[in-house]
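Colleague: I have a structure I would like to understand better, so I am pasting it below and will then ask my questions one at a time.
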Amino acid sequence: MLTIGVLALQGDVSEHIEAVKNAAKKLHKDVAVISVREKKDLAGLDALIMPGGESTTFYKLCQRAGIFEGMKKIPNILGTCAGAIMLSKNAQNKTKDQVTLQLMDIEVARNAYGRQNESFEADIKTSLGAMHAIFIRAPKITRVGKNVRVLAEYNNEILACEEEVSPVRSSASNGAKGNYYLALAFHPELTTTLFHEYFLRRILAV
Ligand code: GLN
């Protein structure tokens, strides 16, 4: 059985827990979903979901909880909005002391759609189908590396993308499988389970 952790220090945690549980039900898969708040919660996780919230605060709270470095070792990570900023190798418009996990070969620009009251909703097309998307002081994904695949765009902006990273030492002998990262600028957990289903399918390879 897969164990999925949802980073539960701040942000829309319960919506992601619901969405991933519903996604597992739709796929008829047994998935254990746990809230991640401290170091011991990271043990044995197959995947981590980092919700929307505030990426500066995420960094500080993860540091304080002593989980920031440990999160880098989780093989599969879904990051939405602030979670996507946390995943990125490069983030523009960070606050002075803000650090990201620097795992995924994307560049993001924090708050690039404007202020909180310029948040918006839109019907978008994605490679998983059409959906309604909610953007809450969202980042723009401004550059993606050559191994990153774009899954959704809207008005020429990248909204969703994924990357598979091979293990550095590709010795099959140690069973290393590499990493999978999925980053979304919007909040799928508020309107659909399609991206959570896709994330589970990628991890389970079904
Ligand atoms: N503006 C937030 C940040 O920079 C992200 C907003 C969100 O997650 N909805 O972290």
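When the count follows this note's numbering, it moves up by one through the sequence shown with no breaks and lands on 232 for the last residue.
Just so you know, even glycine gets a beta-carbon here, dropped at the ideal spot from N, CA and C.
(1) For residue 102, count neighbouring C-beta atoms within 10 Å of its own C-beta (all shown protein chains included) and say buried if the count is 16 or more, exposed if not.
(2) Where does residue 27 land, buried or exposed, given buried means 16+ other C-beta within 10 angstroms?
(3) Helix, strand or coil for residue 169, going by three-state DSSP, please let me know.
(4) Judging by CA-CA distance, which residue of 191, 31, 42, 35 is the nearest neighbour of residue 234?
(5) Along the chain, where does the beta strand (DSSP E) that runs through residue 158 open and close?
(6) Does residue 36 come out as helix, strand or coil in the three-state DSSP assignment?
(7) Along the beta strand (DSSP E) that carries residue 187, what are the first and last residues, could you check?
(8) Helix, strand or coil: which one does DSSP assign to residue 212?
(9) Using a Cβ-Cβ cutoff of less than 8 Å, which residues in the same chain neighbour residue 156 once the five nearest sequence positions on both sides are dropped?
(10) Return yes when the C-beta of residue 108 is under 6 Å from any heavy atom of the ligand GLN, and no when it is not.
(11) Examine the Cβ distances between the stretch 169-176 and the stretch 61-71 and report whether three or more of them are shorter than 8 Å.
(12) Measuring from the CB of residue 229, is there a heavy atom of the ligand GLN at a distance below 6 Å?
(13) Can you give, in chain order, each stretch of the alpha helix (DSSP H) that sits fully within the stretch 104-146 and has at least 4 residues?
(14) Give me, in chain order, the residues of the same chain whose beta-carbon lies closer than 6 Å to that of residue 166; leave out the 5 immediate sequence neighbours on both sides.
(15) Does the ligand GLN have a heavy atom nearer than 6 Å to the CB of residue 80?
(16) Report yes if the C-beta of residue 143 is less than 6 Å from at least one heavy atom of the ligand GLN; otherwise report no.
(17) Hey, how far is the Cα of residue 119 from the Cα of residue 127?
(18) Hey, residue 108 and residue 145 are a contact pair by Cβ (cut 8 Å); roughly how many whole angstroms apart?
(19) Can you give me the C-alpha to C-alpha distance between residue 190 and residue 207, rounded to a whole angstrom?
(20) Using the beta-carbon count (16 or more within 10 Å), is residue 114 buried or exposed?
(21) Answer with buried or exposed for residue 79, where buried requires no fewer than 16 other C-beta atoms within 10 angstroms of its C-beta.
Modeller: Judging by the given coordinates:
(1) With 16 or more other Cβ atoms from the protein chains shown falling within 10 Å of its own Cβ, residue 102 counts as buried.
(2) Burial call: exposed.
(3) The DSSP-derived three-state label of residue 169 is strand.
(4) One cannot answer for residue 234 here, as it falls past the ends of the chain, which runs 27 to 232.
(5) That run of the beta strand (DSSP E) goes 155-161.
(6) In the structure shown, residue 36 sits in coil (DSSP, three-state: anything other than H, G, I, E or B).
(7) Start and end: 183-191.
(8) Of the three classes helix, strand and coil, the one that applies to residue 212 here is coil, per DSSP.
(9) For residue 156, where only same-chain residues beyond five positions count, the Cβ hits under 8 Å are 149, 150.
(10) At least one heavy atom of the ligand GLN is nearer than 6 Å to the Cβ of residue 108, so yes.
(11) By the Cβ criterion, the stretch 169-176 is not in contact with the stretch 61-71, since fewer than three pairs of Cβ atoms, one from each stretch, lie closer than 8 Å.
(12) For the ligand GLN, no non-hydrogen atom lies closer than 6 Å to the CB of residue 229.
(13) Runs found: 108-113.
(14) Closer than 6 Å at the Cβ level, and outside the excluded window around residue 166, lie 135, 138, 183.
(15) Yes, the beta carbon of residue 80 sits closer than 6 Å to at least one heavy atom of the ligand GLN.
(16) No; taking the cut-off as 6 Å, the Cβ of residue 143 has no heavy atom of the ligand GLN nearer than that.
(17) CA-to-CA, the gap between residue 119 and residue 127 works out to about 16 Å.
(18) Between residue 145 and residue 108 the Cβ distance is about 13 Å, and since that is not below 8 Å, they are no contact.
(19) Taking the straight line from one Cα to the other gives about 6 Å.
(20) Flag for residue 114 reads buried.
(21) With 16 or more Cβ atoms within 10 Å of its Cβ, residue 79 is classed as buried.
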